[in-house]
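Trainee: If you read the protein sequences in the order shown, they are chains A and B.
With the working numbering applied, the first sequence corresponds to residues 202 to 771, in that order.
With the working numbering applied, the second sequence corresponds to residues 8 to 668, in that order.
Ideal Cβ positions, reconstructed from N, Cα and C, are used throughout, including at glycine.
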Amino acid sequence: MNISINNKNVWAGPGETILQVANREGIKIPTLCYLKEFSPTGSCRICVVENEQNGQLVPSCAFPIYEGMQVQTNSPKVRRSRKTIIELLIANHPQDCLVCVRNGNCTLQDLAAEYGVREHRYRGERRKGKLDLASPSIERDPEKCILCGRCVRMCHEIQNVGAIDFMNRGFNSQVAPALDRSLNTVACVNCGQCIVVCPVGALREKSSQKPIWEAINDPEKIVVAQIAPAVRVALGEEFGMEPGTIVTGKIVAALRRLGIEVVFDTNFGADLTIIEEASELLRRIQLGGELPMITSCSPGWVKYLEHFYPDLIGHLSSCKSPHEMEGALVKSYYAKKIGVDPNRLFVVSIMPCTAKKFEAQRPELGSDQPDVDAVVTTRELARMLRTAGVDFSRLPDEPFDDPMGESTGAGTIFGVAGGVMEAAIRTARYYLTGHDMDFIEFTPIRGLDGVKAAEVNLNGNILRVAAINGLKNMERFLEDIREKKSAFHFIEVMACPGGCINGGGQPLPYDPEKVRKRAEAIYHLDRTMPKRASHHNEAIQKLYEEFIGEPGGKTAHQILHTHYIEREAF
Amino acid sequence: MRFIDYYEQKKSADEPPAGRFIVEALENFSADQQSESEIQQVRKSVLLENISEPAILIGMGTCGLANGANKVMEAIEKELEKHQISAKLIPVGCVGYCAKEVIVDIKRPGELRISYAQVKVTDVPALIESTLVKNEIYHEKLLGVYYPDGALMDENLPDINSIPFFRNQQKVVLANCGVIDPENIDAYLARGGYQALHKALITQSPDNVIQEVIDAGLRGRGGGGFPAGKKWHFARNTKADQKYLICNADEGDPGAFMDRAVLEGDPHRVVEGMIIAAYAIGASEGYVYCRAEYPLAIKRLEKTIAQAKEYGLLGEKIMGSDFSFNLKIKKGAGAFVCGEETALIHSIEGKRGMPRPRPPFPAVSGLFGKPTIINNVETLANIPALINNGAQWYTGIGTDNSKGTKIFALSGKIVNTGLVEVPMGVTLRKIIFDIGGGIPDGKKFKAVQIGGPSGGALPESVIDTPVDYESLKSVGAIMGSGGLVVMDESTCMVDLAKYFMTFIQSESCGKCIPCREGTKRLLEILERLTHSYKSERNPEEALLRFQGMMYLERLADVIKNTSLCGLGQTAANPVISTLRYFRAEYEAHLYDRKCPSGHCRELLTYFIDTSKCTGCTLCAIKCPENAIIGEKKGPHYIIDERCVRCDQCRVNCNYDAIYVR
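#1: Is G371 of chain A close to chain B? Criterion is C-beta to C-beta, closer than 8 angstroms.
#2: Three-state secondary structure (DSSP) at M695 of chain A?
#3: Since I520 of chain B meets chain A, which of its residues come closer than 7 angstroms, beta carbon to beta carbon?
#4: Whose CA, out of B:G360, B:C101, B:I380, B:D188, lies closest to the CA of H240 of chain B?
#5: Within its chain, find whatever has a CB closer than 7 angstroms to the CB of V398 of chain A; leave out the 5 residues flanking it on each side and keep chain order.
#6: Excluding the 5 residues preceding and the 5 following T613 of chain A in the sequence, name in chain order all residues of the same chain whose CB lies nearer than 7 angstroms to its CB.
#7: Counting only the same chain and skipping the five closest in sequence on each side, list residues whose C-beta sits under 6 angstroms from that of H508 of chain A.
#8: Count the other CB atoms, across all protein chains shown, that sit within 10 Å of the CB of I663 of chain A; report buried if there are 16 or more and exposed otherwise.
#9: With DSSP as the reference, please indicate the residues paired to F452 of chain B in a beta bridge.
#10: Determine the DSSP secondary structure at Y323 of chain A, reduced to helix, strand or coil.
#11: Across the stretch 149-157 of chain B and the stretch 118-126 of chain B, are there enough close Cβ pairs to call them in contact, namely three or more that are closer than 8 angstroms?
#12: Excluding sequence positions up to five away, which residues of its chain have a Cβ less than 7 angstroms from the Cβ of F173 of chain B?
#13: Just to confirm the assignment, what range does the beta strand (DSSP E) spanning T644 of chain A have?
#14: So E531 of chain B contacts chain A; which residues on that side make the cut at Cβ distance below 9 angstroms?
#15: Compute the distance between the beta-carbons of K335 of chain B and E190 of chain B, then report whether it is under 8 angstroms.
#16: Going by DSSP, what residues sit across from T434 of chain B in a beta bridge?
#17: Using the C-alpha atoms, what's the distance from R370 of chain A back to V179 of chain B?
#18: Going straight from the alpha carbon of Y294 of chain B to that of A194 of chain B, what length do you get?
#19: Report yes or no: do three or more beta-carbon pairs, one from the stretch 58-71 of chain B and one from the stretch 95-111 of chain B, lie closer than 8 angstroms?
#20: Which residues, taken in chain order from the stretch 451-474 of chain A, show a beta carbon closer than 8 angstroms to some beta carbon of chain B?
#21: Mind checking if F367 of chain A is an interface residue toward chain B, Cβ cutoff 8 angstroms exclusive?
#22: How about K505 of chain B: is its C-beta nearer than 8 angstroms to some C-beta of chain A?
#23: Kindly indicate if chain B contains any beta-carbon less than 8 angstroms away from that of R281 of chain A.
#24: Under 7 angstroms between beta-carbons, which chain B residues line up against N293 of chain A? List them in chain order, please.
#25: Mind checking which residues open and close the beta strand (DSSP E) that includes V658 of chain B?
#26: A634 of chain B and C650 of chain B look like a contact to me (Cβ under 8 angstroms); what is the Cβ gap, rounded to whole Å?
#27: Between which two residues does the alpha helix (DSSP H) holding I713 of chain A run?
#28: So Q576 of chain B and S570 of chain B are supposed to be a Cβ contact under 8 angstroms. How far apart are they, rounded?
#29: Rounding to the nearest angstrom, what Cα-Cα distance links R668 of chain B and C105 of chain B in this structure?
#30: Nearest to G297 of chain B by CA position, among B:G341, B:K18, B:P631, B:Q176, is which residue?
#31: Would you say the stretch 580-599 of chain B touches the stretch 461-474 of chain B, given that touching needs at least three Cβ pairs under 8 angstroms?
#32: Can you check DSSP and say which residues form a bridge with L334 of chain B?
#33: Could you check whether the Cβ of P265 of chain A sits closer than 8 angstroms to any Cβ belonging to chain B?
#34: Starting from the beta carbon of P215 of chain A, find every residue of chain B whose beta carbon is closer than 9 angstroms, and list them in chain order.
#35: Tell me, to the nearest whole angstrom, how far the beta carbon of K410 of chain B is from that of V429 of chain B; I am working on the premise that it is less than 8 angstroms.
#36: Exposed or buried, what is K114 of chain B when buried is set at 16 or more other beta-carbons lying within 10 Å of its beta-carbon?
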């Protein structure tokens, strides 16, 4: 099809929208409610363009082109309309940018600057809303909300949770949990994908910086930090680096600059998880346990199952998630090793995830004290480094501390959807056959697709596996399991689309292209690791010898395994 | 005996189903000598032409009920019992003359049907005694007489159709309303009902039906005026395993009650129109989306659907054809925006009623993603007459681009409040003054709001505009669904715009920014105009008044141009049209802080005419703010700074000494 944009003839494919064509041609059209992978809702109207043939303004995100169409993206009518829309949003906004978490990283702020808003043309009543700070993971500030509906679509269409939705009408409309209750009293799984897609500061993570600063400054406390696999390929973005830049060594150095005494790698915990999980899987298959077994690394997913399919919690692997395993070991194995009272150890997990904040508070994860004391997201760590004046890009690369600093490529790929499954297959194969795979990479379950399934031949036994990301994609698998129709043995689930690299705590704003680059970086890391299967991790072999004994044994169960709780859907 | 009983007696093994049999028998009763006597007997008794006891028909539409029709009916029953008279009481819908409710028609065997208006409970004993005991006419409440065609008229008994209110109307859709028992399918059948369905289903292909509707030029009566046949054509041409037909009965404009009257007065006509439309587009399932605030309409629709099923006119293999159609009622929860077709679809799907961008249009992807046609009640009610009489007949009514008739609901400052059906192209003046009887209390006409909150207010200077889609648009209004709210000189046009903005602002679904945020700001600008100095808390407020006025049109324009759905795109129309015709009134509010109509309370000043004041002190006693001073038996004065414009002094003054400026 041939159409004309701003008097320039361009080619366009049938079914394309004006926005898609314009973006390809390098013409920027502002958007607020638009999300690439979703069907357009056309609600914000900021992307309107003028149809030259009839003078009408049409939303470029939703309007399909037709042969011979002529549009102007920058006519006086378009500019005036967009500016008015921005002014209307500002008129109903707290305008407290200086104290807003999204200051400098906010679509509304950018638009106001781009369209030269210099006065408050419309003034009047502002919508009132209750600040919702009660959730351990996510804070809501309804007064900042511009009602673009991206969070609602994410929560419903991708995550199948429906914890928030529109309520009330007209000027009183707002996005809120049912009956305007707090997020922590409804079936929110804390995945934080709402934050990822929020263009303004209406949704943000609950900050955990304060207790960490306090622990750092407390001479009695020894602060032990650990870094999740997906953080090392994303934190650089916060400091102007290319998406996908690997900054592992710099993070270690940066944490030491903050005053953190010990820096471990959560990849160690991931390797350990594989040892326990692969053993558990084989045991379930051999002894006839509940199948399929489903991974439990993603705390958003775990809570989802507890809320909506409490009858199926027996299918969850009883393994704690990697950072919880590692936290538990810091407070037992490591404390004993360095001869320190566990109460003096303060474990900080740096995670791409908001749900980990809730997970760390689970009473079942810890004994007299929690396994992990504080969880900060990638974004929060960046803020702490900026506060401390750490010049991140100029830091040297430093190594992790022993003994929980050693890891393999298998632990690294935990950061991307399908990675846990691939890592588990590498080790399960070894357990069953006694030797490693010829090709260590298991590619059928790679990629950012929401549903990936494969069959693995393990010593003549066919293992049917699937890797799912985005909770909505799991629905039909769960229904099959409920009806006892599932043919799978092992399913990996990541709550967030794409896995941890696109977690609710990762740098903003959201861009699917950035996510792809983070995934590439993770696989690059795996390829360059000297060891690529968890059972080759020598520190872990030593850990079993010195402390745990057998995978799945008594000590393992005490320290590395957990149980789950039946919750209600509302 | 009912038609279906007659069918049960007559049917043999290879007889067609009940509905088809009855319709064919009624069509052919004169030719078919054999069955004439029996079906004719049933027909005549249903039409009250052949009755053995008096029939009393009471207007029991919502307007009748609001005027006490229930109590009148009880009183009639009591009187009948007292006089030991056996009579048949038949509740009917609204004949349109709402101002004259409760309307009671009395027909004695072998005599004419006589209509009495404004019957109150206290009138009932005299009414029953003179009409049914003494066999006289009760002249006190006489409205008119239904003369059969060609009957000799009595000079003293006016023909009901010669009354100005009815004389200028042309009833096509409303032909049965207020005349027949809406809850009796036989009454509808006896007046030619379901013959159009028979004609379409048995003798025409769906494409023929669509062509007929296209040729007739029927345009959607819900507001937009899109050609109905063209819309059907889109749906027909979309391939799908399932298609839906929806009747939009979510009438929500303030001052509009056309659809309600049709549903209450002649629901079978709507259902027949729906079945024909479904046949044309190939839909096997249909919904009537009716607002829950219309309980009587819903109750009657339920009965109608049950009766149509009993007669085989709904359900599987209708009239023995291959066409099947099932109909459900979906109650709307009272959101104005659910009258918008995509929001309505979401509502039926169980989602929040919010519109979505079009395309894709519902005719391609609608309810549950299937091709769906949504037509308004009045559009569908036009179909039976259109199919029966053909496109040529239909195009004979109306103007070049607007064919057929249109129903209007007259309300506001007008003598004959009610429902009228006129051919397209008559002038607003004719509707308001000839049919509507003009403005009551000797006041002057000021404006008429046409098209509800989406329409515009038209002044005297343009009320000779013919009512058709294009003409109304050219003067800044829209046809809309047909609400006509008449305003006299005491109405303030800024206040009118404020009223509609309040309505729209709270009925916006909240989805798109211009509508959600913009209408609120428009409302605030209008509110500031009607404020006095006193209520302004800080000096900035005065600045905002002027600033608001400066940006009023700019904002209205953006809302109009950028909103997602029809609600938002037309939301600013009341502001735009009042600005166009009554700018001076806005300026008086803005610059002089005066309301020329004397309506905006904060802008009024109260005075005492000292030549009339007797010094009775009553006003000073009644004043809650001690704003009135004066000696006993001497003239009094009002201290404006203290006055809160509560109006108590003016209302209580016995000497008309207090006036407002």
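Mentor: Result, derived from the coordinates:
#1: yes
#2: strand
#3: C245, R246, I286, L289, L290
#4: B:I380
#5: L236, R351, C352, M355, Y711
#6: P430, N468, I723, L726, D727, M730
#7: A388, R768, A770
#8: exposed
#9: B:D495
#10: coil
#11: yes
#12: I167
#13: Per DSSP, T644 of chain A belongs to no beta strand (DSSP E) and is neither H nor E.
#14: Y323, R324, G325, E326
#15: no
#16: B:P473
#17: 38 angstroms
#18: 24 angstroms
#19: yes
#20: none
#21: yes
#22: no
#23: yes
#24: E524
#25: Premise fails: V658 of chain B lies in the alpha helix (DSSP H), 655-659, not in any beta strand (DSSP E).
#26: 5 angstroms
#27: Residue identity check: residue 713 of chain A is Pro in the sequence provided, not Ile. 713-729 is the span of the alpha helix (DSSP H), which, as asked, contains P713 of chain A.
#28: 5 angstroms
#29: 36 angstroms
#30: Just to set this straight, residue 297 of chain B is Cys in the shown sequence, not Gly. Comparing Cα positions, the closest option is B:G341.
#31: yes
#32: B:G293
#33: yes
#34: Within 9 angstroms Cβ-Cβ: nothing; P215 of chain A doesn't reach chain B, min ~13 angstroms.
#35: Contact flag wrong, Cβ pair sits at about 13 angstroms.
#36: buried
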